[in-house]
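One structure is given here, and the rest of the page talks about it.
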Amino acid sequence: GGSGGLDVEVVALCDAAADGAVVQFLRHITYGTAGQVSVVVDTALDGFSPYTPSGTVGVCQPEQGGQDVELVPMCIIDNINGQSIGDVFAEVRYASDTGERTGVTYVDP
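With the working numbering, you'll find the sequence shown wraps up at 1290, consecutive numbering, no jumps.
The following block contains the structure:
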């Protein structure tokens, strides 16, 4: 927020050029005391350097290549008597874009 009854909101946006290049920038929107937009200023991510969008402006898309994590409860079985001797979780990781399993880590509950 600002001072003197003004409210300043900062929104992170992306400028997508026709060649596929994407530039992130900040849009500072100042609202007057009656709630109307009074000033809009675009800056680089430093919040100070002026920026002028040259492509299509929109909300930035998340980067591809994330991961999904599944927690699977498991028990540890004694090989001699077949009794459960403890519990663990298997933290199974999958590539979000392909669904391929990328790793497993065993963690204490």
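All C-beta atoms in this analysis are idealised placements derived from N, C-alpha and C, irrespective of residue type, glycine included. Please read all numbers here as calculations on a predicted model, not as lab measurements.
Going by DSSP in three states, residue i sits in which element: helix, strand or coil?
i       : result
Tyr1212 : strand
Val1285 : strand
Phe1270 : strand
Ser1219 : strand
Cys1195 : strand
Phe1206 : strand
Ile1261 : coil
Ala1225 : coil
Tyr1232 : coil
For residue i, which of the options has the nearest alpha-carbon?
i       : options                            : result
Gln1205 : Tyr1212, Ala1197, Thr1211          : Ala1197
Ile1266 : Asp1289, Val1253, Gln1248, Thr1214 : Asp1289
Val1191 : Val1221, Gly1216, Val1203, Ala1215 : Val1221
Gly1216 : Leu1187, Tyr1287, Leu1252          : Leu1187
By how many angstroms is the C-alpha of residue j removed from the C-alpha of residue i?
i       : j       : result
Ala1276 : Val1285 : 12 angstroms
Ser1230 : Leu1207 : 10 angstroms
Thr1211 : Cys1241 : 21 angstroms
Asp1249 : Arg1274 : 6 angstroms
Gly1280 : Gly1201 : 26 angstroms
Whose C-beta lies closer than 8 angstroms to the C-beta of residue i among residues of the same chain, with five residues either side of it excluded?
i       : result
Thr1176 : Outside the shown range of the chain (1182 to 1290) lies residue 1176, about which nothing can therefore be said.
What is the C-beta distance between residue i and residue j, in whole angstroms, given that I count them as a contact (C-beta under 8 angstroms)?
i       : j       : result
Ala1193 : Gly1236 : Not quite, the Cβ-Cβ distance comes to about 16 angstroms (not below 8 angstroms), so this is no contact.
Ser1219 : Gly1228 : Incorrect: roughly 19 angstroms between the Cβ atoms, too far for contact.
Among the residues of its own chain, which have a CB less than 7 angstroms from the CB of residue i, if the five just before and after it don't count?
i       : result
Asp1259 : Ile1266
Suppose the cutoff is 6 angstroms on Cβ atoms and the five residues either side in sequence are ignored; what does the same chain contact list for residue i look like?
i       : result
Met1255 : Val1269, Ala1271
Ile1257 : Ile1266, Gly1267
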